[in-house]
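The sequence shown begins at 1 in UniProt numbering and counts up one residue at a time. Scroll down for the structure; my scribbles are underneath it.
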Amino acid sequence: MGLLNIRNLTVKFATATGSFTAVDGIDVTVDKGEVLAIVGESGSGKSVSMLAVMGLLPDTATITADEMTYDGRDISKLSKAERRQLIGREITMIFQEPIASLNPSFTTGYQIEEVLRLNLGMSRAEARARALELFKAVGIPEPEEKLNSYPHQMSGGQCQRVMIAIAIASQPKLLIADEPTTALDVTIQKQILDLLMKLQEDYGMALILITHDMGVVAETADRVVVQYKGKKMEEADVLSLFENPQNPYTRALLSALPENATGDRLPTVSDFMALEGTK
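Rendered as structure tokens:
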């Protein structure tokens, strides 16, 4: 049994005319210390499935699952207090927009110290010292000065490093990274991915990496889940997926990689799906 086990997860959102199914019977398992990539285009249900695990979806969402367990505990049956103890301490998440995820009214140091005090019961002095250690660990330049900076005074890459520091503050067993490099330039993207992989190895965390970038998948993942329109299309270890994809949609994603381009125009996923006769 894996560290996180999700079986037949379905998420529906209420609409003015009925409901919309965002996740349709997804199965996901991640083992201790494993890097699992969940890949697919926008709207495939990648983020929604993990937000359901975190309990961060709005009240308009209806969540059902045959199983949703973490380390042998049924997440769906935890009280709100028990879930708060679990989420943010043993399971943490990094979101797509680092600046939007940080509170503009407080310094970055205050925000990480608050996490340490609430989750680990540290004193102000202990939290301050640990926050400085974490800022150094994630490679924030001039960490003492940056502890007193507000998010708008830092670059996007620095804010993402702050979010990573907050996420690893309690040394979680499972870290979920939702498109952690989307808003960053290419050079900073690689730095952030390298940092995540180093921290994953140093801390022995399981890492779920949500992405639409097959290049990132190739460089980071042990195993891959491919999603399309709320459904799981394929699951395989990363080498098997790239060498012998079984599903037309997976082949479509791989065909759209720049290195697979032929002629003047890069084929789209829709082009490939049309050739395969798959909608």
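Beta carbons are placed, not taken as given, at the ideal position from N, Cα and C, and that holds for glycine. Just so you know, these numbers come straight off a predicted model, no measurement behind them.
Out of the options, which one is the CA nearest neighbour of residue i?
i: Ile26; options: Val35, Gln191 and Ser47; result: Ser47
i: Pro180; options: Thr250, Leu207, Gly55 and Asn119; result: Leu207
i: Asn8; options: Leu116, Cys159, Val53 and Phe242; result: Val53
i: Asp185; options: Leu175, Leu196 and Gln160; result: Gln160
i: Ile188; options: Ser170, Phe242, Met205 and Ser155; result: Ser155
i: residue 291; options: Gly2, Ser42 and Thr21; result: In the structure as shown, the chain starts at 1 and stops at 279, and residue 291 therefore has no counterpart that could be examined.
i: Gly157; options: Gln191, Pro172, Leu175 and Tyr249; result: Gln191
i: Met93; options: Leu175, Ala252 and Ala183; result: Leu175
i: Phe106; options: Met68, Thr69 and Lys146; result: Lys146
i: Glu113; options: Ile168, Asn244, Ile210 and Ser76; result: Ile168
Residues in the same chain with beta-carbon distance under 7 Å from residue i, minus the five sequence neighbours each way, listed in chain order, please.
i: Gly40; result: Lys46, His212, Val226, Gln227 and Tyr228
i: Asp66; result: Arg7 and Asn8
i: Tyr101; result: In the sequence as presented, Tyr is not what sits at residue 101; that position holds Ser. Phe95 and Met163, listed in sequence order.
i: Ile87; result: Met54 and Gly55
i: Gln171; result: Tyr203
Using the C-alpha atoms, what's the distance from residue j back to residue i?
i: Gly72; j: Thr10; result: 21 Å
i: Glu133; j: Arg89; result: 18 Å
i: Lys231; j: Val138; result: 35 Å
i: Ile166; j: Thr62; result: 29 Å
i: His152; j: Glu82; result: 34 Å
i: Val238; j: Val35; result: 10 Å
i: Tyr150; j: Glu142; result: 14 Å
i: Leu4; j: Ala177; result: 15 Å
i: Asp194; j: Thr220; result: 9 Å
i: Thr108; j: Arg130; result: 13 Å
i: Asp74; j: Leu241; result: 31 Å
i: Gly204; j: Thr64; result: 30 Å
i: Arg251; j: Val224; result: 14 Å
i: Ser19; j: Ser42; result: 19 Å
i: Tyr249; j: Ser255; result: 10 Å
i: Lys79; j: Leu118; result: A small fix is needed here, since residue 79 is Ser in this sequence, not Lys. In a straight line, the C-alpha of Ser79 is about 18 Å away from that of Leu118.
i: Ala115; j: Ala236; result: Correcting the residue type first, residue 115 is Val in the shown sequence and not Ala. For Val115 and Ala236, the distance between alpha carbons rounds to 36 Å.
Please classify residue i: does DSSP put it in a helix, a strand, or coil?
i: Gln171; result: coil
i: Ile91; result: strand
i: Thr21; result: strand
i: Gln96; result: coil
i: Lys12; result: strand
i: Tyr70; result: strand
i: Gln246; result: coil
i: Leu3; result: coil
i: Val30; result: strand
i: Met197; result: helix
i: Val225; result: strand
i: Leu78; result: coil
i: Leu120; result: helix
i: Lys235; result: Reading off the sequence shown, one finds Glu at residue 235, where the question assumed Lys. Glu235 falls in the strand class under three-state DSSP.
i: Val217; result: helix
i: Leu241; result: helix
i: Met164; result: Sequence inspection shows Ile at residue 164; the Met mentioned does not correspond to that position. In this structure, Ile164 counts as helix in the three-state DSSP scheme.
i: Ala37; result: strand
Residues in its own chain within less than 8 Å of residue i by CB, not counting five upstream and five downstream?
i: Leu257; result: Met214 and Gly215
i: Val23; result: Leu9, Thr10, Val11, Gly45, Val48, Ser49, Ala52 and Gly230
i: Gln111; result: Leu102, Asn103, Val162 and Ile166
i: Lys173; result: Leu3, Lys32, Asp71, Glu90, Ile91, Met205 and Ala206
i: Ala218; result: Val238 and Phe242
Here's a check: name, in chain order, each residue in its chain whose Cβ is nearer than 6 Å to the Cβ of residue i, leaving out the five neighbours to either side.
i: Asn247; result: Met233 and Glu234
i: Leu253; result: Met214
i: Lys279; result: Note that Lys279 has pLDDT 49, beneath the 50 cutoff, so the model's placement of it is unreliable and the number below is only indicative. For Lys279, where only same-chain residues beyond five positions count, there are no Cβ hits under 6 Å.
- Within the chosen definition, does the segment 193 to 206 reach the segment 95 to 115 through at least 3 CB pairs nearer than 8 Å? These segments do not touch.
- With a cut-off of 8 Å, do at least 3 Cβ pairs link the segment 7 to 21 to the segment 54 to 61? Put simply, the segment 7 to 21 touches the segment 54 to 61. At least three CB pairs are less than 8 Å apart.
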